[in-house]
Structure formats: C-alpha cells, structure tokens
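Encoded as structure tokens, the structure appears first; notes follow it.
There are 2 protein chains.
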Amino acid sequence: MTGHRGTASIRDVARAAGVSYQTVSRVINDHPSVSPPTRQTVLDTIERLEYRPNRAARALAGGPVQSVTVLASNTSLYGFAAALEGIEEATREFGFVMGVRVVEPDTPAGVRDAVERAIEPAGAIIVIAFDKAGVDALASVPATVPVAAMVPAPTEGEHPARSSVWIDEYAAAKEATNYLLRLGHTTVHHLSIPSWTGATKRMLGWRSALQEAGLSVPKPLLAGWEASWGYEAGGKLAKKRDVTAVLCGNDDIAVGCIRAMHDAGRSVPEDVSIIGFDDVPLAQFYTPALTTVRQDFKALGRVCFAKLLSGLANGTREQRLRYPVAQLVIRESAGPPPKPSHRHATTLPAHGRAVPVNKRAFARLSKEK
Amino acid sequence: MTGHRGTASIRDVARAAGVSYQTVSRVINDHPSVSPPTRQTVLDTIERLEYRPNRAARALAGGPVQSVTVLASNTSLYGFAAALEGIEEATREFGFVMGVRVVEPDTPAGVRDAVERAIEPAGAIIVIAFDKAGVDALASVPATVPVAAMVPAPTEGEHPARSSVWIDEYAAAKEATNYLLRLGHTTVHHLSIPSWTGATKRMLGWRSALQEAGLSVPKPLLAGWEASWGYEAGGKLAKKRDVTAVLCGNDDIAVGCIRAMHDAGRSVPEDVSIIGFDDVPLAQFYTPALTTVRQDFKALGRVCFAKLLSGLANGTREQRLRYPVAQLVIRESAGPPPKPSHRHATTLPAHGRAVPVNKRAFARLSKEK
DNA sequence: CTGAAAGCGCTTACAG
DNA sequence: CTGAAAGCGCTTACAG
Chain A
1 MTGHRGTASI RDVARAAGVS YQTVSRVIND HPSVSPPTRQ TVLDTIERLE
51 YRPNRAARAL AGGPVQSVTV LASNTSLYGF AAALEGIEEA TREFGFVMGV
101 RVVEPDTPAG VRDAVERAIE PAGAIIVIAF DKAGVDALAS VPATVPVAAM
151 VPAPTEGEHP ARSSVWIDEY AAAKEATNYL LRLGHTTVHH LSIPSWTGAT
201 KRMLGWRSAL QEAGLSVPKP LLAGWEASWG YEAGGKLAKK RDVTAVLCGN
251 DDIAVGCIRA MHDAGRSVPE DVSIIGFDDV PLAQFYTPAL TTVRQDFKAL
301 GRVCFAKLLS GLANGTREQR LRYPVAQLVI RESAGPPPKP SHRHATTLPA
351 HGRAVPVNKR AFARLSKEK
Chain B
1001 MTGHRGTASI RDVARAAGVS YQTVSRVIND HPSVSPPTRQ TVLDTIERLE
1051 YRPNRAARAL AGGPVQSVTV LASNTSLYGF AAALEGIEEA TREFGFVMGV
1101 RVVEPDTPAG VRDAVERAIE PAGAIIVIAF DKAGVDALAS VPATVPVAAM
1151 VPAPTEGEHP ARSSVWIDEY AAAKEATNYL LRLGHTTVHH LSIPSWTGAT
1201 KRMLGWRSAL QEAGLSVPKP LLAGWEASWG YEAGGKLAKK RDVTAVLCGN
1251 DDIAVGCIRA MHDAGRSVPE DVSIIGFDDV PLAQFYTPAL TTVRQDFKAL
1301 GRVCFAKLLS GLANGTREQR LRYPVAQLVI RESAGPPPKP SHRHATTLPA
1351 HGRAVPVNKR AFARLSKEK
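Those sequence lines, one after another, are chains A and B.
In this text, residue positions in the first sequence follow my numbering: the first is 1, and each later residue adds one.
In this text, residue positions in the second sequence follow my numbering: the first is 1001, and each later residue adds one.
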C-alpha cells in the first residue's frame, strides 16, 4: 500500500480509493471539479494512509509556492528575532515551510551570491531589511522571485521598496520627546540606530518635537545596534553636564547608555532620563524599568507574510494590511531633570567634568567589549 | 542555453560543455570518476551559465540530504535563539538549507502531527529539546529520519537521547555556589528553570556544593524560563530575611529576581547576591552587572549540526566533538552577605517581614504580567 | 466531473 | 572514465 520509501504516494492513495491519481491531485489542491462524494472518499483514504504530499515533487512539477526563505543579517537582535517569530507563526498557519538564511554584509558580490543561493525554485523570499545588509539583499533578489520585505519606515519623498511593510515610529518618537520636554528637560539628545540614509523616522520625530518647541537640535549620534555602542556613546554624553535626557534608538542601546551614566556617577532617572525603543520583554523588569516606545515586530512579521501572500496567486484576497503602531510606554527611566543645585552636587566635581565613580566597572566593560 | 524557466539546467550545462548530463551530475556531486580536464570544463561552464542545482529535483531523485529543519518550542529565548544562530552558521558553511518550525506543546498528538509535517523526504531534523515540548517532539521523530538534538545534560543513570549534545553545567553550578559560600553566605537558594525530570545538572551541582559544605539544602523553586517567573519567585524569597544568596536558572530569571528584591527594598548585591546562568549579551551592561555562568549555546548549535552530519553518509569523518564548557563569570551581582546589624536595619521593619518599598512598581509589574 | 500523457531536474544503478 | 535508461512524486494542460 505504500511506496518503496515507506511513505504513501499519490498513487497509493488513488489505488486504495479506487480513483485515478489525478483525482487525488485535484483533491489535495482544492480543485473545484471533484464531486463531493469522490472528494470525501479520497480525503478519508489520505487520512487512513497518513499520506503527506511530497513538497519536493510538488515544487518540481510546478505546484504553488509553499515555502519562504527569510533573509536577514541577524537573527538574535530583538527586532529581527521577533519578526522571525511572527513570520514563523504565519507560515505555520498557512502550511508554508520557512527557511532562514543569514546574509553577511561582506561585499556586494557576496551578498548577491548569498541571495542567489537562498533562492529555491518555486520558493518565495522575505527579507528583513532593517539594515544596510538587508537592503542590499533585497536589491539583489531577482524580479522573478516573489518577495516581501520589512523595512525602516520610508521618510518623506523616499520610495518604499517593492511590497514592503514597516512600523512608522515618527509620531511615537515625537511623543516621547515631548514627554521629556514636558517633564522639564531643556533639550533631548538622540543615540540612533544605524541608518544608511542618515535619518530614521524616529530621528525625524525627535527632531520635529525639538523644533516645534523652538529648541536647537543637538547632533544625533549613530553607529550601532548594540548595548556596547550605547555604552560608548553614553560615556561621551555623560561627560556633558547639560545632558539630562536621551532618547535611544533601541532598548539595548538604552541599557548600555544607562550603564555608562551609572559608571560616570550619574543616576537614572534622577540625574538623566533615558527612553528606549522597542519594549523588549525584559524592559519592565530592569531597574529602573525602561520607559520606551513599544514596537510589535512580531505582528509586523505576520503582516509581512500577509503582504507576500497577497502577491502570490494562492493568497487569500488582499485584505487591508494593518501595520502595527508604535506606542510610548511610560515606566521609570525618565523623570524630571535634576534641580540645578542638585546637578552640581556630589556627582560632579568643581571643574565640571564627570568623574567615573565606578572605575573598575568602566575598565571591565572597556575590556570585555 | 537555458531551460524554459529561465535558469540553466544540468542538460544546458552538458550541451554547452560538450559532455553528457550524467557527467555534469558527477561533477556537482564530487564523484571521483571524472577526468580532471573534463571536470574543469564542466566547472567552467557551470560558472559561465550560473548554473545552480535544483534542490527539489535532487531531493526527489534521492540525492544526499542537504536540508535540515530545526524543531523548537521557542525561537527567541536566549538559549534557543543562540543555538539557532549556531546551527544556521553551520548549515550555511556546509551548503545546507535550514528550516525552522515551532512546535507548540499542546497535546501529544498535536506535537506528533507538527513533527510529521516538518519532516521532508530527504531532509534531516535538529530538535532543540531543552524543554518538555522539545523532548516530546524528539520522541516523535520517526526512526528513519536523520536527527540530532540539543538536550539538557543527562543526570546520573539517565540515558541520553539518540545523537544528542549538551552542555554539562554541573561543575560550573557547583563553582558558583562555592563562590557564594566563600563570600560568606550561610546558604544559597535556587530558582530553577523548568525540568520535567525534576532535576537539572545545575541544580545537582548547586546541591552538591551545599552538601559538601555540610549545609542543609533549601527546597529549589522551579516553574518558568522567563523574567516574570523570576520576579514572582524572587518576591517570595525577598520576604525571608535569611535569604542572602540566590543562584538563578538563567539570566532572565536573575533579572526578574533582582527586580523583585529591589521592589522589596533589598539591594543587590549589598543585601542579597544573585547569580545567573547563560551570560546573555546584555549581562555585562546591567546594573549591577550580572555575575553568571556562561554557556555557549551558539557553539553547541554548531556541535549539534556536526553530530547530525557525522550520522549522515555525506558527513566528513566523525571528528571528536568538543562540547562547550560552562564557566563562571564574576561581575557585580554577588558579594559578601550584609552584616547582621545592617541586615535588620532600615529595609526590614521590627516584625521581620519585608515591606515593598516600591509599591507602585510592584503593582505595575503584577499587572503587566 | 474524471482519466491518460508528458515532463519538472535531477540521481542512482547498469552498461560499455 | 563516460554514456543511455528508468524513475523519484507530483502538476499542469489535453482529452473525453
């Protein structure tokens, strides 16, 4: 009753159900022209024989796309990992298989080659293009391959990449900045995630809030995604006594920044307020709990898959895709600025430069990373 | 020169190279019996036509396994995510394709079904079996399917699952506990990750250190992987004035536990010492920086793939697999216990029960999760 | 609504 | 060392 490999094939089912194998094919592909009784018989037989269609054979014979490979430069940073989770859920729900391939941002040719290797005939691609490597990968996907991408929210006048989705954090970044301003801070600094265009929507929202308040805009610092970068940049900011509020490009950067402030003898939020971005699962458990802008990347992952599906023939009708919205979550890491008298107190010596109170920790962190 | 789908096929290459298509097949499969000049000609032609073997066709025709699906109950918790990263790297290096499928730990039948769906003919499986769902999934993989698994280190007398790899944290847990004891603590409590056997190696190491010191062993608390669980359990521990040291099953639990201590008015490490497990990337940036036991799950992921490969015909010869070793990393979250006089001071009222100093935070955290 | 044909791109035996 | 055959499990036209 089964093929020589131990698994039932379409022909085994056909034989057992007393129909031709084409009919079985029609049933498993939801083809309309099969009589209800025939369909039921076939379905029962499939169940009885534990028949599972062979994906390789379907793909080879030109069946519908049912596999998607996710291309990303990283799989463990929060935004990336959460997006992956959302995509996985969606693929599971729709009976797709999900592959993952990391593209290393070496040379353009290297990226192109990596992308080509990742492309399977009869497969679709989702690229997480939050960074330069992702964008390069997206650009390398041949036009013939079905693709959808998660990208940074496009800024004014920018063309969004083909079938891409995003979270627009402009308003939330503006709100976070205004929140800081309302708390009494006279300006807000920005530690940005990297951007190959030089401006993210969160940066633009921050800047806009400052401008509307008639404030001059400090130069944003940008370089990395990780805590080590937040620590490094935070160390620079900590030396400036007039810095009392920092909006960070993500929560990891915020954690690094908070640590840098701490090592410089400035406490958060008493001396300086820090706001993050993302709302990582641990944000509420930190001390101080992180005030941050929540971004639902898992939902974005699901939306991205929906977008891909809508571009595929076998998709459900294109529903209106609802992009997740970023949202300020107020906790403990931001508060009123210190009273001027307090600000010049014990933590800062007379000559006005911050002194690392925790020199050992500073040395350790500098060495570890 | 190309097939009707726009990509070159084995026959296109054969025609262009002036050989039969079987010879091309031999070349791409590294079959020995091809003359060097012929091989070179074919190789050049492959490059020129940008030929890429079709995986579906290879799989269907019974070619070697070159795809692996990772089964896990979770993809974003640190250990799981890091393992996934390691597996991805290894698959990329060896020209394998990597799929990911999350198995939800609903019913046994559900798990079995999920596993079956994940199995592709001519594909291998890696299961991350750190938890019950993973172990169930592993048990459901048919004996005919090539598989390797990452499992908790087997305890004495336990049979390790077939072709599995692990990190043995016994010695490191013992060392961490002894470190705490040497610091002057009179006992150490343990907040464990879940275990379906009731005992992890890290729990055994902790217990052994205590026993060898002639101390009575407090009942370990165990329930979850996440910070929320650490917060909950930490809250209970915080109420006991004699608790001065806690070894946590992972860093997220440690973060939750630290927060619970903080909310109960007990500072870390002044009042209570906390040690984590894993050494997540942010551990060094927390305040206090986490003293923890490093476990290289990424390396374990690579080892697991190597294990899988060694069980496959196409593997390189079985090399001695070197499992990563767990290692205590001393930072700031553990220190000497408080002086008895200090211990009964401001944080604890006369009747001896800890009072949540930060009631608002407590209410918030209880509500958020 | 259902059956017979041709072929997707490859691989493993089998011949020479 | 190299070529001709058969077939992996399915799908899409094509017939009836």
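Every residue gets a Cβ at the ideal spot worked out from N, C-alpha and C, and that includes glycine.
Interface residue (Cβ-Cβ distance to chain A less than 9 Å): residue 1110 (chain B) is not classified as such. Residue 253 (chain A) sits away from residue 213 (chain A), with the two beta carbons spaced by 9 Å or more. Judged by beta-carbon spacing, residue 56 (chain A) lies within the 9 Å limit of residue 1060 (chain B), meaning their Cβ atoms are closer than that value. The three-state reading of DSSP puts residue 1278 (chain B) in strand, counting E and B together.
Residue pairing by DSSP puts residue 148 (chain A) in a beta bridge opposite A:126. Per the coordinates, the alpha-carbon of residue 25 (chain A) lies some 10 Å from the alpha-carbon of residue 13 (chain A). In the DSSP annotation of this structure, residue 1290 (chain B) is not part of any beta strand (DSSP E), being labelled neither H nor E. A Cβ-Cβ contact shorter than 9 Å links residue 1250 (chain B) with residue 1079 (chain B).
Any Cβ of chain A closer than 9 Å to the Cβ of residue 1286 (chain B) would place that residue at the interface, and such an atom is present. The C-alpha of residue 1218 (chain B) lies about 19 Å from the C-alpha of residue 1171 (chain B). No Cβ-Cβ contact shorter than 9 Å links residue 1272 (chain B) with residue 1176 (chain B). The DSSP-derived three-state label of residue 246 (chain A) is strand. Judged by their CB atoms, residue 94 (chain A) and residue 237 (chain A) are not nearer to each other than the 9 Å cut-off. In the DSSP assignment, residue 1189 (chain B) falls within the beta strand (DSSP E) that extends over 1189–1192. Comparing alpha-carbon positions, the option among B:1124, B:1054, B:1064 and B:1275 lying closest to residue 1202 (chain B) turns out to be B:1275. Rounded to the nearest angstrom, the Cβ distance from residue 1231 (chain B) to residue 1328 (chain B) is 24 Å, too far for a contact under 8 Å. Listed by position along chain A, the residues whose Cβ is nearer than 8 Å to that of residue 1060 (chain B) are 54, 56, 57 and 60. Per DSSP, residue 1177 (chain B) is one residue of the alpha helix (DSSP H) stretching across 1170–1182. Against chain B, the CB of residue 51 (chain A) has no partner CB under 9 Å away; the residue lies outside that interface.
Taken through DSSP and simplified to helix, strand or coil, residue 66 (chain A) comes out as coil. Rounded to whole angstroms, residue 1148 (chain B) and residue 1161 (chain B) show a C-alpha spacing of 9 Å.
Inter-residue distance for residue 246 (chain A) and residue 192 (chain A) is about 10 Å (C-alpha atoms, whole angstroms). Residue 333 (chain A) counts as buried, since at least 16 other C-beta atoms from the protein chains shown sit within 10 angstroms of its C-beta. Between residue 197 (chain A) and the set A:151, A:211, A:239 and A:241, the nearest pair of CA atoms involves A:151. Within chain A, no residue has its beta carbon less than 7 Å from that of residue 1133 (chain B); the closest one is some 14 Å off. Nearest to residue 146 (chain A) by C-alpha distance, out of A:156, A:86 and A:64, is A:64. In this structure residue 1099 (chain B) does not touch residue 1300 (chain B) by the C-beta definition: roughly 19 Å separates them, more than the 8 Å allowed. Taking 9 Å as the CB threshold, residue 323 (chain A) stays off the interface with chain B.
Residue 164 (chain A) is not a Cβ neighbour of residue 1081 (chain B), given a cutoff of 9 Å. Sequence-distant partners of residue 1051 (chain B) (beyond 5 residues in either direction) whose C-beta falls short of 6 Å from its own C-beta, in its chain, are 1008 and 1013. Within the same chain, and ignoring the five residues on either side of residue 1156 (chain B) in sequence, no residue has its Cβ closer than 7 Å to its Cβ. Judged by beta-carbon spacing, residue 1183 (chain B) lies within the 9 Å limit of residue 1335 (chain B), meaning their Cβ atoms are closer than that value. According to the DSSP assignment, residue 328 (chain A) belongs to the beta strand (DSSP E) that extends over 327–329. Its Cα nearest to that of residue 92 (chain A), the residue B:1103 stands out among B:1083, B:1103 and B:1039.
The three-state secondary structure of residue 52 (chain A), taken from DSSP, is coil. For residue 1221 (chain B) and residue 1282 (chain B), the gap between their C-alpha atoms comes out near 25 Å.
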